[in-house]
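S.K.: Numbering follows UniProt numbering, with no gaps: position 158 of the sequence shown is 158.
Quick one: the structure is below, and I'll ask about it shortly.
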Amino acid sequence: PELVDRWAPGRVMVNVYGPTETTMWACKSAPLRAGSGFPPIGSPVTRAAFFVLDEWLRPVPAGVVGELYLAGQGVGVGYWRRPGLTASRFMACPFGEPGARMYRTGDLVCWGPDGQLRYLGRADEQVKVRGYRIELGEIRTALADLDGVEQAAVLVREDRVGEKHLVGYVTGAADPADVRARLGQRLPTY
């Protein structure tokens, strides 16, 4: 958000996203505006298809977090001489033409109300605390979006066996008590 706030006024600034496995950038945001918070990664470019899926490869509705899968002309065929890794990341696309493939990015995203994707973190950052599944990337994004926070990190601590809790670290001018209070208004109580 700080880069957008600093550089977007008077310019056309966009955010593009595209892993190496798609051989190009696969989505582009609408022009970014200063003060609009964490920038979205955008919507698919022509000839690219995005699917936000749950763990059973079912599409999730807008606003619900899922893993991003990419399909379309830019998707690669796999990793050179790494069949195991290729099989875990490249698969048949059940939403496309016969023979179509899609790439499992490992990125957690959700569709925003404006039709643009929001990047929330990595799939391997999911933790379980007191029986609840929590995405550390979502909490980190919520922290980083608060006024006065420059950078944020979130970890799971287990001070006593079986007693896990989340710990957030921030840099910037924000008051820690204020950060905790504002974050409490934005996130579930658990």
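We put the beta carbon where it would ideally sit given N, CA and C, even for glycine.
As the structure is a prediction and not an experimental result, all values here were calculated from the model.
(1) Determine the burial state of residue 24: buried for a count of at least 16 other Cβ atoms within 10 Å of its Cβ, exposed for fewer.
(2) May I ask you to verify whether the stretch 99-118 touches the stretch 148-158, counting CB pairs closer than 8 Å and requiring at least 3?
(3) Round the Cβ separation of residue 71 and residue 87 to the nearest angstrom and send it over; I've been treating them as touching at under 8 Å.
(4) Would residue 68 and residue 107 be called neighbours here (beta carbons separated by less than 9 Å)?
(5) So residue 155 and residue 179 are in contact, right, with Cβ under 8 Å, and what is the actual spacing, rounded?
(6) Suppose you measure from the CA of residue 171 to the CA of residue 183; what does that come to, to the nearest Å?
(7) Note down the Cα distance separating residue 37 from residue 29, rounded to an integer number of angstroms.
(8) Only counting the same chain, and skipping five residues up and downstream in sequence, which positions put a Cβ closer than 6 Å to that of residue 78?
(9) Please return the same chain residues whose Cβ sits closer than 8 Å to the Cβ of residue 4, not counting the five positions on each side in sequence.
(10) Answer with buried or exposed for residue 95, where buried requires no fewer than 16 other C-beta atoms within 10 angstroms of its C-beta.
(11) Could you tell me whether the Cβ atoms of residue 74 and residue 47 are closer together than 9 Å?
(12) By the three-class DSSP mapping on this structure, what secondary structure does residue 4 have?
(13) Can you look up residue 43 in the DSSP assignment and give me helix, strand or coil?
(14) Quick check on DSSP: helix, strand or coil for residue 179?
(15) Within the present structure, is the beta-carbon of residue 125 separated from the nearest heavy atom of the ligand MN by less than 8 Å?
(16) Looking at the strands, I want to know which residues DSSP matches up with residue 107.
(17) Quick check: the Cα distance between residue 158 and residue 187, rounded to an integer number of angstroms?
(18) Using the beta-carbon count (16 or more within 10 Å), is residue 103 buried or exposed?
(19) Nearest to residue 162 by alpha carbon, out of 130, 147 and 141?
M.R.: By the coordinates alone:
(1) exposed
(2) In short, these stretches do not touch, since the Cβ pair count stays below three.
(3) At roughly 17 Å, the Cβ-Cβ gap does not stay under 8 Å, so residue 71 and residue 87 are not in contact.
(4) yes
(5) Contact flag wrong, Cβ pair sits at about 16 Å.
(6) 15 Å
(7) 14 Å
(8) Counting only residues of its own chain and dropping the five nearest sequence neighbours on each side, residue 78 has a CB closer than 6 Å to the CB of 86 and 90.
(9) 13, 32, 33, 34, 36 and 39
(10) exposed
(11) yes
(12) helix
(13) strand
(14) helix
(15) Only the bare structure without any ligand can be found here, which leaves the ligand MN out of the picture.
(16) DSSP lists 122 as the bridge partner or partners of residue 107.
(17) 21 Å
(18) buried
(19) Ranking the options by Cα distance to residue 162, first place goes to 130.
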